[in-house]
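Going by my numbering, the sequence shown wraps up at 417, each residue one higher than the last. Yeah, the Cβ is synthetic: ideal placement off N, Cα and C, and Gly gets one too.
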Amino acid sequence: MIKYKEAINIIKKVSLKLSSEKISILNSVGRVCDYDIKSPSINPLYNNTAFDGFALVAKETKKASLKNLKKFKIIKTVAAGDSPKIKHYEKNSAVEIMTGGLIPKPFDTVLAVEKAKYFPTKEKATHIIIDKEVKKFAFIRFAGEDYKLKDLIIKKGEVIQPKHIMALTTLGIRYIKVKKKPKITFLSTGNEIVSFKSKSISPWQVRNSNNHYFKVFGEGLNINVVDGGIIKDSNPEKLKKILKKLNYSDTDIIVTSGAISAGKFDFIPSLVNKIGFKKCFKGVSIKPGRPIMLSTLKQKNKLFFGLPGNPISCAAGLRFFVYPLIRKSLGMDVEKKFSAKLVNKYFKVKNFTHFVRCFVKINSTGLVQLEVLQGQQSNRIKSFVNANCWGIFPEGKANYKKGDIIDWVPLIPGS
Numbered sequence: 003m004i005k006y007k008e009a010i011n012i013i014k015k016v017s018l019k020l021s022s023e024k025i026s027i028l029n030s031v032g033r034v035c036d037y038d039i040k041s042p043s044i045n046p047l048y049n050n051t052a053f054d055g056f057a058l059v060a061k062e063t064k065k066a067s068l069k070n071l072k073k074f075k076i077i078k079t080v081a082a083g084d085s086p087k088i089k090h091y092e093k094n095s096a097v098e099i100m101t102g103g104l105i106p107k108p109f110d111t112v113l114a115v116e117k118a119k120y121f122p123t124k125e126k127a128t129h130i131i132i133d134k135e136v137k138k139f140a141f142i143r144f145a146g147e148d149y150k151l152k153d154l155i156i157k158k159g160e161v162i163q164p165k166h167i168m169a170l171t172t173l174g175i176r177y178i179k180v181k182k183k184p185k186i187t188f189l190s191t192g193n194e195i196v197s198f199k200s201k202s203i204s205p206w207q208v209r210n211s212n213n214h215y216f217k218v219f220g221e222g223l224n225i226n227v228v229d230g231g232i233i234k235d236s237n238p239e240k241l242k243k244i245l246k247k248l249n250y251s252d253t254d255i256i257v258t259s260g261a262i263s264a265g266k267f268d269f270i271p272s273l274v275n276k277i278g279f280k281k282c283f284k285g286v287s288i289k290p291g292r293p294i295m296l297s298t299l300k301q302k303n304k305l306f307f308g309l310p311g312n313p314i315s316c317a318a319g320l321r322f323f324v325y326p327l328i329r330k331s332l333g334m335d336v337e338k339k340f341s342a343k344l345v346n347k348y349f350k351v352k353n354f355t356h357f358v359r360c361f362v363k364i365n366s367t368g369l370v371q372l373e374v375l376q377g378q379q380s381n382r383i384k385s386f387v388n389a390n391c392w393g394i395f396p397e398g399k400a401n402y403k404k405g406d407i408i409d410w411v412p413l414i415p416g417s
């Protein structure tokens with residue numbers, strides 16, 4: 003049995019080599035970018051106004067005052083989307099301009115519409131009157147002030163979000179390369195496992211929850227999860243056939259739940275070994291989920307994860323082993339942990355890392371607090387439903403007291 007940190011270091015080394023695919027940006031939200039996307043142009047493309055008003059040449063307003071009024075002829079109106087070109091410019095000219103309109107040359111400042119004084123009337127204005135010097139570059143948005151050429155938009159390994167679509171469409175980027183989603187086939191094992199659709203079950207039976215939790219967990223997290231169904235302990239040949247076909251299938255990882263401990267019907271470890279998989283680790287000093295295993299298919303970019311059968315143990319294995327491997331394979335950064343102050347005591351096995359169902363909240367003073375929920379046994383689901391995060395209690399310490407600072411991550415990444 004190895005330590006949790008050792009297992010994570012092994013996962014970093016055996017992560018999948020995933021190819022990329024070119025897709026429309028309109029289908030890219032939630033996918034992982036496979037290269038640094040840089041701006042192909044500047045934005046905005048041209049100086050424009052941030053305000054309705056009148057474009058002027060600033061130096062022509064110098065020495066303007068109540069005693070020295072200056073009259074500027076309105077020669078054109080420019081709205082957003084209009085060409086800013088002026089055929090002939092004459093000194094002391096003005097251009098009526100609307101928000102977003104391009105600033106014609108040689109104009110270099112904008113007088114806000116509220117400050118304009120019209121001549122002879124506002125309704126039939128031919129000129130505006132300036133009685134105060136207008137500062138150069140007032141209310142002007144400069145070309146390239148938002149994005150310069152080759153500015154970074156999205157970095158490699160970043161998950162594309164709706165906010166990125168705004169930039170990509172604005173800059174005229176239509177297609178990008180993203181990492182292909184790894185394909186995982188998930189199977190539950192056990193004679194006791196029956197379909198969740200079963201209206202009534204015997205006391206010795208358990209409705210299948212692991213397959214369905216795993217599948218919905220993968221949705222939105224760049225994982226293509228295939229429900230492989232249930233394998234009875236009495237029919238290990240079914241799993242054997244699936245594993246043998248892994249060489250020729252587009253599945254990247256086989257994940258099972260159950261049958262990996264040391265019991266009479268825990269057939270998976272020996273079966274995986276006989277088929278030709280190389281063991282990376284089996285057994286990690288964690289709770290829940292200690293009898294977890296990872297193997298690689300020799301000379302192939304294929305992996306096998308064996309997770310425990312109890313629902314919470316399976317969920318912990320998915321969250322703290324399978325998901326970090328997926329992040330690494332997709333080129334994403336290591337997931338960041340958060341910290342909070344513990345509000346109740348917790349006791350654990352000193353040399354084990356515990357993944358604990360917790361509830362995190364911000365109190366009235368802005369302090370982030372973490373509560374360990376009751377019912378931490380691996381077969382108890384209620385505390386998982388009531389939790390909103392996993393508290394991470396590392397090895398090396400047995401007693402945690404109120405006020406200790408604890409790392410935590412959301413139950414679902416990004417939630």
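* Do S41 and Y177 have their C-beta atoms within less than 8 Å of each other? -> No.
* Report all residues from its chain with a CB closer than 8 Å to the CB of N94; omit the five preceding and five following residues, and keep chain order. => Same-chain partners within the cutoff: E62, K72, K73, F74, K75.
* Inter-stretch contact at 8 Å, needing at least 3 Cβ pairs: the region 290-308 / the region 251-260 -> The region 290-308 makes contact with the region 251-260: 3 or more CB pairs, one atom from each, lie closer than 8 Å.
* Asked: Does the region 75-90 come close enough to the region 147-160 that 3 or more CB-CB pairs lie under 8 Å?
  -> The region 147-160 vs the region 75-90: no contact.
* Asked: Among V208, K201, P184, which residue has its Cα nearest to the Cα of T191?
  -> For the set V208, K201, P184, the Cα lying nearest the Cα of T191 is the one of V208.
* Check whether K399 and Q371 have beta carbons under 8 Å apart -> Taking a C-beta distance under 8 Å as the contact criterion, K399 and Q371 do not qualify as a contact pair.
* **Given H356 as reference, the closest of E98, K403, G405, G291 once Cα atoms are compared** => Residue G291 holds the alpha-carbon nearest to the alpha-carbon of H356 among E98, K403, G405, G291.
* Would you list the residues sitting across from Q371 in a DSSP beta bridge? => Within the DSSP secondary-structure output, Q371 pairs in a beta bridge with K343, K363.
* Asked: Taking DSSP as the reference, what is the three-state secondary structure of H90?
  -> Coil, per DSSP.
* Determine the contact status of E23 and K158, defining contact as a CB-CB distance below 8 Å. => Contact check for E23 against K158 fails: the beta carbons are separated by 8 Å or more.
* Continuous alpha helix (DSSP H) assignments of at least 4 residues falling wholly in the region 156-196 -> Here the runs fully enclosed are 164-172.
* **Same chain, Cβ closer than 8 Å to I407, neighbours up to 5 away in sequence not counted** => Setting aside the 5 residues that flank it on each side, I407 is surrounded in the same chain by S341, A342, K343, L344, each with a C-beta closer than 8 Å to its C-beta; the list follows chain order.
* Asked: Hey, would you say the C-beta of I270 is under 7 Å away from at least one heavy atom of the ligand FMN?
  -> Questions concerning the ligand FMN fall outside what the structure shown contains, since it holds no ligand whatsoever.
* Asked: Roughly how many whole angstroms lie between the Cα atoms of K137 and F219?
  -> If I take the Cα positions, the gap works out to 57 Å.
* By Cβ distance below 6 Å, which residues in the same chain neighbour Y348 in space, the five residues on each side in sequence not counted? -> The residues are V374, Y402.
* beta strand (DSSP E) containing K152: first to last residue? -> Unbroken run through K152: none, as it is neither H nor E.
* Asked: What is the rounded straight-line gap between the Cα of L299 and the Cα of N212?
  -> A direct Cα-Cα distance of roughly 24 Å separates L299 from N212.
* **Coil, strand or helix - A96 by DSSP** => In the structure shown, A96 sits in a strand (DSSP, three-state: E or B).
* To do: Using the Cα positions of L170 and S85, report the straight-line distance between them to the nearest angstrom.
  => Rounded to the nearest angstrom, the two C-alpha atoms are 24 Å apart.
* To do: Pick out the complete alpha helix (DSSP H) segments inside the region 280-364, 4 residues or longer, and give them in chain order.
  => You should have 313-319, 325-331.
* Bounding residues of the alpha helix (DSSP H) (the contiguous stretch that carries P412) -> Looking at the DSSP string, P412 is not in any alpha helix (DSSP H); the run it does join, the beta strand (DSSP E), is 407-412.
* What does a CB cutoff of less than 8 Å around K246 pick up in its chain, not counting 5 residues either side in sequence? -> Excluding positions up to five away in sequence, the list reads I277.
* Asked: First and last residue of the alpha helix (DSSP H) that includes I25?
  -> No alpha helix (DSSP H) contains I25, which is instead part of the beta strand (DSSP E) from 22-26.
* Asked: What are the complete alpha helix (DSSP H) segments, minimum 4 residues, inside the region 22-68?
  -> List check, alpha helix (DSSP H) in window: nothing returned.
* Short check: CB of T51 to CB of I88, under 8 Å? -> Cβ atoms of T51 and I88: not closer than 8 Å.
* **Cβ pair L332, K181 closer than 8 Å** => Taking a C-beta distance under 8 Å as the contact criterion, L332 and K181 qualify as a contact pair.
* To do: Could you please give me the residues that DSSP links to R382 through a beta bridge?
  => Bridge pairing for R382: absent [DSSP].
* Asked: Considering F395, what are the terminal residues of the alpha helix (DSSP H) in which it resides?
  -> That residue, F395, is in no alpha helix (DSSP H); its beta strand (DSSP E) goes 391-395.
* Asked: What did DSSP end up calling S211 once you bin it into helix, strand or coil?
  -> Looking at S211 - three-state DSSP - the assignment turns out to be coil, as it is neither helix nor strand.
* To do: Determine which residues share a DSSP beta bridge with Y6 and list them.
  => Partner residues in a beta bridge of Y6, as assigned by DSSP, do not exist.
* To do: Classify L369 as buried or exposed, calling it buried when 16 or more other Cβ atoms lie within 10 Å of its own Cβ.
  => It counts as exposed.
* Strand pairing of K72, partner residues [DSSP] -> Partner(s): I132.
* Asked: Taking the beta strand (DSSP E) that V228 falls in, what are its first and last residues?
  -> Counting along the chain, the beta strand (DSSP E) containing V228 begins and ends at 226-233.
* Asked: Considering only residues of the same chain and omitting the five flanking positions on each side of R143, which have a CB-CB separation below 8 Å?
  -> Cβ within range, chain order: P46, N49, N50, T51, A52.
* Opposing strand residues paired with S259 [DSSP bridges] -> In DSSP, S259 forms a bridge with S190, L309.
* To do: Return the bridge partner residues of Y402 from the DSSP annotation.
  => As a beta-bridge residue in DSSP terms, Y402 pairs with Y348.
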